[in-house]
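As given, the protein sequences belong to chains A and B, one line each in that order.
Each residue of the first sequence is one higher than the last, beginning at 460 in our numbering.
Each residue of the second sequence is one higher than the last, beginning at -11 in our numbering.
Backbone N, C-alpha and C define an ideal beta-carbon position, used for all residues, glycine too.
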Amino acid sequence: AQSVTQLGSHVSVSEGALVLLRCNYSSSVPPYLFWYVQYPNQGLQLLLKYTSAATLVKGINGFEAEFKKSETSFHLTKPSAHMSDAAEYFCAVSKSNDYKLSFGAGTTVTVRA
Amino acid sequence: NAGVMQNPRHLVRRRGQEARLRCSPMKGHSHVYWYRQLPEEGLKFMVYLQKENIIDESGMPKERFSAEFPKEGPSILRIQQVVRGDSAAYFCASSPGQGSGNIQYFGAGTRLSVL
Chain A
460 AQSVTQLGSH
470 VSVSEGALVL
480 LRCNYSSSVP
490 PYLFWYVQYP
500 NQGLQLLLKY
510 TSAATLVKGI
520 NGFEAEFKKS
530 ETSFHLTKPS
540 AHMSDAAEYF
550 CAVSKSNDYK
560 LSFGAGTTVT
570 VRA
Chain B
-11 NAGVMQNPRH
-1 LVRRRGQEAR
9 LRCSPMKGHS
19 HVYWYRQLPE
29 EGLKFMVYLQ
39 KENIIDESGM
49 PKERFSAEFP
59 KEGPSILRIQ
69 QVVRGDSAAY
79 FCASSPGQGS
89 GNIQYFGAGT
99 RLSVL
């Protein structure tokens, strides 16, 4: 079975500072990995995905994530936080041949001016 | 270019009533997924449907919950005799199907409150 652990339920960063959100997964087969963002009272929007191609994945809004098989990690980063990045972020995993997404508990990001 | 549409956005029910949640997938998508998000938790898979077929309902509670995706019309998640523990956000997602890299597109959710 797949599972996801997101370290830190809340992260606070200053505007312009690095954003780092941690995600570790477990999977019995090569995984597909995803980061989604949820703004208040909205649905989840796909930020980026890893599907066994390049290990460094670039997404929307300046975010990127690196797949590290040896560490079973898929951490999300953005070099410079913007106020509009304040949201909740979810890491998710699925088997490459499956459809069920398993989500982490989420990390809420606040950005200080 | 409408995305996944869910309605209602908010639903209030008293204990024992029925709740019906609707989901219209993105145009061209024939695969629908329902997830439930309890407070302070991530989304949990409930059920996966294709037109007129339930493919996997392993995440659905055994009683009171049912889902359908008819040939015509939206997918419906139905909760009978709601209890306070059913209060949650219910999200629907859709995908074009096999070969899409399992990218699922989510609706804005229905927030169910049971009084």
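Residue i and residue j closer than 8 Å at C-beta
i, j, result
"A/Ser561", "A/Val463", "yes"
"B/Gln(-6)", "B/Ser18", "no"
"B/Gly16", "B/Val35", "no"
"A/Tyr484", "A/Tyr509", "no"
"B/Arg8", "B/Ile64", "yes"
"B/Cys11", "B/Gly95", "yes"
Chain B contact residues for residue i, given Cβ-Cβ distances below 9 Å
i, result
"A/Ser462", "What A/Ser462 touches in chain B: nothing, since even the nearest Cβ is about 10 Å away."
"A/Phe562", "Tyr23, Gln25, Glu29, Gly30, Leu31, Lys32, Phe33"
Distance between beta carbons of residue j and residue i, contact taken as under 8 Å
i, j, result
"A/Gln498", "A/Ala551", "The amino acid at residue 498 of chain A is misidentified as Gln; the sequence shows Tyr. Actually they are not in contact, since the Cβ atoms of A/Tyr498 and A/Ala551 sit about 17 Å apart, beyond 8 Å."
"B/Val(-8)", "B/Ala77", "Rounded, the Cβ-Cβ distance is 14 Å, inconsistent with contact."
"A/Glu523", "A/Lys517", "5 Å"
"A/Lys528", "A/Ser486", "Contact flag wrong, Cβ pair sits at about 10 Å."
"B/Arg(-3)", "B/Val102", "About 16 Å; that fails the 8 Å criterion."
"B/Glu45", "B/Phe57", "Going by Cβ atoms, the distance from B/Glu45 to B/Phe57 rounds to 12 Å, so no, they are not a contact pair."
"B/Tyr21", "B/Gln92", "6 Å"
Chain-ordered neighbours of residue i on chain B, where CB pairs are closer than 8 Å
i, result
"A/Lys528", "By Cβ distance, chain B contributes nothing, its closest Cβ being about 18 Å from A/Lys528, past 8 Å."
"A/Leu507", "In chain order: nothing, as chain B lies at least about 11 Å away."
"A/Phe549", "Gly30, Leu31"
Proximal chain B residues relative to residue i, where beta-carbon distance stays under 7 Å
i, result
"A/Ser583", "In the structure as shown, chain A begins at 460 and stops at 572. Residue 583 of chain A is therefore absent and cannot be evaluated."
"A/Gly565", "Gly30"
Neighbourhood of residue i by C-beta, 6 Å cutoff - its chain only, sequence neighbours within 5 removed
i, result
"B/Phe147", "What is shown of chain B runs -11 to 103, which leaves residue 147 of chain B out entirely."
"A/Glu547", "Gln497, Gly565, Thr567"
"A/Thr531", "Asn483, Tyr484"
"B/Arg99", "His(-2), Ala77"
"A/Val488", "Lys554"
"A/Leu427", "Residue 427 of chain A lies beyond the stretch modelled for chain A, which goes from 460 to 572, so this question has no answer here."
Beta-carbon proximity list for residue i, same chain, < 7 Å, skipping 5 on both sides
i, result
"A/Glu474", "Ala540, His541, Met542, Val570, Arg571, Ala572"
"A/Lys559", "Ser553"
"B/Gly97", "Gln(-6), Ala77, Tyr78, Phe79"
"A/Leu515", "Glu523, Glu525"
Within chain A, partners of residue i - CB distance below 9 Å
i, result
"B/Phe79", "Gly502, Leu503"
Partner residues on chain A for residue i, Cβ-Cβ distance less than 7 Å
i, result
"B/Gly97", "Gly502"
"B/Phe94", "Gly502, Leu503"
Sequence-distant residues of the same chain with beta carbon closer than 8 Å to residue i, five excluded per side
i, result
"B/Leu31", "Tyr23, Arg24, Gln25, Phe79"
"A/Ser468", "Ala564, Gly565, Thr566, Thr567"
"B/Arg1", "Ala7, Val70, Leu100, Ser101, Val102, Leu103"
*Can we say the segment 60 to 76 of chain B touches the segment 21 to 30 of chain B, given the rule of at least three CB pairs closer than 8 Å?*
yes
*asked:* Is it the case that the segment 500 to 508 of chain A contacts the segment 472 to 484 of chain A, given that we only count it when at least three CB pairs across the two stretches are under 8 Å?
replied: no
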